[in-house]
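Just so you know, the sequences run in chain order Y and E. Convert by adding 1019 to the 1-based position in the first sequence; the result is the number in the numbering used here. Convert by adding 1306 to the 1-based position in the second sequence; the result is the number in the numbering used here. Beta carbons: idealized from backbone N, C-alpha and C, even for Gly. As the structure is a computational prediction, the values presented were derived from the model and not from experiment.
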Amino acid sequence: MPVFIGQDVTRIDALDKVLGRAAFAYDLKTDDMLFACVVRSEKPHALIKKIETARALSMEGVAAVLTHIDIPGENSFGAIKKDQQFLAKDRVRYVGEPIAVVVGVNEEVARKASGFVRIEYEELQVISDPFVSMTSPVLIHDEGNLLSHRKVIKGDIEKGFNESDVIVENTYRTTWVDHAYMETEAGLGYMDDDGRIVVVSSTQNIHYKMKEISRMLAMPPERVRVIQATTGGGFGGKLDVTVEGFLALCVYHLKRTVVMRFTREESFLAQTKRHPLHIEYKTGARKDGSINAVRVNITGDTGPYISYGETVCLRAAVHATGPYEVPNVHVDSRMFYTNNPVAGAMRGFGVPQLAFAHESQLDKIAGILNMDPLDIRIKNALRRGSLTATSQALEHSAGLPETLKRIEPFWRSRERQNDRRGFGLGCMYYGIGNTGVSNPSDCYLTFMPEGRIALHSGVCEIGQGSDTVLMQILCESLAMDDEKIVLLRGDTDTSRDAGSSSASRQTYISGMAVCDAAQKMKKYLEKEGYYSGRPLTDICEAALGKGDAMFEGHFDPPTTPVDMETSRGAPYATYAFATHMTEVEVNEVTGACRVVKVHAAHDVGRAVNVKNVRGQICGGIAMGIGLALMEEFSPGKSKSLDDYYMPTSMDMPEVEAIIVEDREPTGPYGAKGVGEPALIPQAASIVNAIKDATGVEARELPCHIERLKLLLEARRQK
Amino acid sequence: MKTISFILNGKKTVVEVRDSETLLYALRERLGITSVKEGCEIGECGTCTVLIDDEPHYSCMTLASKANGSDVKTVEFLGTADLLHPLQEAFINSGAVQCGYCTPGMLLSAYSLLLKNKDPDTDDIREAISGNLCRCTGYIQIVEAIKDAAGLCKHNS
């Protein structure tokens, strides 16, 4: 029997994609569909006094103008808490907040008419800074401007600093970053023959969106069906409800097929961003380089709604020390509401920002102690038996030391080709799955009448390759060729809730759910003689006749909730680890920084598909280069791809991906995850390389050409 | 409205377009070629890339009327499921495809490069696709795929 795990199995979606026939949501549009577009707030903070729709409605070709009054159920949504309105009723809290939906015979008509929906506002005082929000009498929500305050407390922080020989204290700042997936948010909705609402969209989670639509329309969930179209990238930005609610509402009222897609400008203006964090970081170490105390104060701008703000708040806190064993830790992480863009989930949930801080700190300490940056990392690295900042004992799969070991020969033999070049290291660890909460995945297998097996999966393939990986896991588990298996994915009618494609969780969690279902089916197949040569078609037919047709799979990673005061607990069942070594070349005159080469070593537990893992690593490095050197979303200024710079092929270094496999016993064939880890240490390693090349310490990201030039000039003047 | 005629993927095509209409619109909305994607509408992302007389153009920045009398190619020209172009095969085999939204445009820019340069080095390839953004792959496996395809094309010819 062929082996599937660890093989470069060809992606099952690649053929359709190279032929141009993969159907993304907007490709499904036909001429008879109506087009919907959103009327958005032009004010960052205002009361809505009046919504004037008559003029738009009277225009030729306009089918409907819908506002909050047209919502039959609850006008609220949110992944963590239901605090956001589908269509604003009496108050708006950011520029771009949806107020009305205009439906027309085509896009041109709808967009034109949307310009004639007149909103009367009474402007409120605007809060555009979390430090103002902290003390302002102006409240964005009645309960106050503090969304969340999470702490990590371990040991005795005062004693830790008192017993430290070196103390380094710095402040780090990061800004908004846009997901900038190539496909903007899009979808279509229709009513099926049974009068149910069907939405097909570009999304990272179908079951969540089904539930939100059902609440909004006051319909039972089984009256709603959500299907994932081929999705052109997610990175966290398609976790929140985007087009789905509007489409469902339009179909509910019009009983016609309605299509919509956001323009790039709309996606920039109104969709979630990476959280800008202000990080005050104090590190104490002993003479031998061991880190003795870490005190971190994180202040985040979460915008006016929660989205994933609470998640980022906690995850950033839990990961604040970096992948090191620190006996004394005190972290305060706070998220404040502002009238800036809604900050939500983006690849890494706050951890890339923290990695920038803890890795800069570590290099600074190494410098003072005259220690090699690699040696200080080896000394402090989390390993099997270590206690994390939340006092979780790492019992297995903790491959950070191995990633360092694999980087070591390249690090020890590094040589500057010229004096503009420098080398930097970045390490990270990352908890796989959601933080300290149950986050199960369910799937099932059935026999098909034509003599094949169907995998019913609710896992959204967003480009990361989950379809292929889950099929590999199933083929391996059943010892069966993929030709005998059909993947039925991304349809709430034919699958169970697998949770979101986020938090690097699908290979690990849904992979285990598939293993679980496969084990049950395998037993059945054994009993029915499949492995001793009875044809599958026979078994299928007999099984369907008997009604033995379904094998369920379930997995929920073993975690414990973290303590509200100290975050003590086991928030994740397993962690990924990585070390990046980056070489840069800095032009001292212009301030331009070019990333020359990256060695990226990742402990993924087990690489189910080596080519896909390498693809994630290379893509993560690209996004890390953007985070470090170019990407800066400025509200009101960054409007399109014209003024938002992201890496092109010309910005990419040579990449050597090194895969470390410290197998995770609770994972499918030992696998963990890699999607977010690939990005997390990259910006940190670039900043450290810039320091090595120029002596300049960047404390604010992105360290783009102008910022670096100013830093270089300031250093010259000193 | 005016009537334009051009060669689309090897076939003579006649279509009525508005004066102000982009080639992207005409291809997607009038001719049903949905492999040509829309990512920004301002000529920044390259997902709408098509070849006009074998040169890559952003179809969102090109008036449909400009295609009159020319040869226009989209990814459908390259190959079919039964007979893939070496570039398509290499994209599949090298892990150059993730979400796939940039893929058609990327393939066309690469195709145009290989027509002009049978033996491109890494820098030639990077430059040729520098107008096509990809958010997933970090371009590395795309560059490798194009290099592999170039080798394959040379071998075949």
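- Distances from the alpha-carbon of residue 1717(Y) to those of 1190(Y), 1069(Y), 1271(Y) and 1024(Y) put 1190(Y) closest.
- Unbroken alpha helix (DSSP H) stretches of 4 residues or longer found wholly inside the stretch 1413-1440 of chain Y: 1419-1431, given in chain order.
- Judged by DSSP secondary structure, residue 1150(Y) falls within the alpha helix (DSSP H) whose first and last residues are 1149-1152.
- Under DSSP, residue 1056(Y) takes part in a beta bridge, and its partners are 1121(Y).
- Approximately 18 Å separates the beta-carbon atoms of residue 1152(Y) and residue 1327(Y); this is outside 8 Å, ruling out the contact.
- The alpha-carbon of residue 1200(Y) is positioned some 42 Å away from that of residue 1737(Y).
- Between residue 1023(Y) and residue 1491(Y) a beta carbon distance of about 4 Å is seen, short of the 8 Å cut, so the two are scored as contacting.
- In the structure shown, the three-state DSSP call for residue 1465(Y) is strand.
- Contacts with chain Y (Cβ-Cβ distance below 9 Å) from the stretch 1392-1405 of chain E involve 1393, 1394, 1395, 1397, 1398, 1399, 1400, 1401, 1402, 1403, 1404 and 1405, listed in chain order.
- Sixteen is the threshold: when 16 or more other Cβ atoms of the shown chains lie within 10 Å of the Cβ of residue 1692(Y), as they do, the residue is buried.
- Contact annotation for residue 1381(E) against chain Y: 1037, 1038 and 1039 [CB-CB distance below 8 Å, chain order].
- Inter-residue distance for residue 1550(Y) and residue 1543(Y) is about 10 Å (C-alpha atoms, whole angstroms).
- Distances from the alpha-carbon of residue 1644(Y) to those of 1084(Y), 1602(Y) and 1284(Y) put 1602(Y) closest.
- The closest CA to that of residue 1169(Y), considering only 1732(Y), 1337(Y) and 1304(Y), is found on 1337(Y).
- Look at the beta carbons and you see the stretch 1579-1590 of chain Y not touching the stretch 1461-1478 of chain Y: under three pairs across the two are nearer than 8 Å.
- The beta carbons of residue 1375(Y) and residue 1619(Y) sit about 16 Å from each other, so the pair does not count as a contact at 8 Å.
- With its beta carbon less than 8 Å from one in chain E, residue 1665(Y) belongs to the interface.
- Against residue 1439(E), the close residues of chain Y are 1201, 1665 and 1667, in the order they occur along the chain (beta-carbon pairs closer than 7 Å).
- Judged by DSSP in its simplified three-state form, residue 1543(Y) adopts helix.
- Taking a Cβ-Cβ cut-off of 7 Å, the neighbours of residue 1660(Y) in chain E comprise 1346, 1348, 1350 and 1351, given in sequence order.
- Sequence-distant partners of residue 1139(Y) (beyond 5 residues in either direction) whose C-beta falls short of 6 Å from its own C-beta, in its chain, are 1068 and 1069.
- Nearest in C-alpha terms to residue 1487(Y), of all of 1219(Y), 1167(Y), 1626(Y) and 1046(Y), is 1626(Y).
- The beta carbons of residue 1071(Y) and residue 1114(Y) sit no closer together than 8 Å.
- In the three-state reduction of the DSSP assignment, residue 1600(Y) falls in the strand class.
- Within chain Y, the residues 1201 have their CB atoms less than 7 Å from the CB of residue 1408(E), given in chain order.
- For residue 1640(Y), the nearest beta carbon of chain E is closer than 8 Å to its own beta carbon.
- In this structure residue 1615(Y) is not in contact with residue 1705(Y), their Cβ atoms being roughly 11 Å apart against a cut-off of 8 Å.
- Annotated three-state conformation of residue 1202(Y) is coil, per DSSP.
- In the assembly as shown, residue 1412(Y) is an exposed residue. Its beta-carbon has fewer than 16 other beta-carbons within 10 Å.
- Between residue 1318(Y) and residue 1150(Y), the gap from beta carbon to beta carbon is short of 8 Å.
- Listed in chain order, the non-local C-beta contacts of residue 1694(Y) below 8 Å within the same chain comprise 1366, 1483, 1523, 1635 and 1639, local neighbours out to five positions each way being set aside.
- Per the Cβ contact rule, the stretch 1088-1108 of chain Y is in contact with the stretch 1229-1247 of chain Y (3 or more Cβ pairs under 8 Å).
- Proximity of residue 1674(Y) to chain E, defined by a Cβ-Cβ separation below 8 Å, is satisfied.
- Counting of Cβ neighbours within 10 angstroms places residue 1646(Y) among the buried residues, the total reaching 16 or more.
- Residue 1353(Y): member of the beta strand (DSSP E) spanning 1347-1356, first to last residue.
- By the Cβ neighbour-count rule, residue 1557(Y) is exposed, with fewer than 16 other Cβ atoms within 10 Å of its own.
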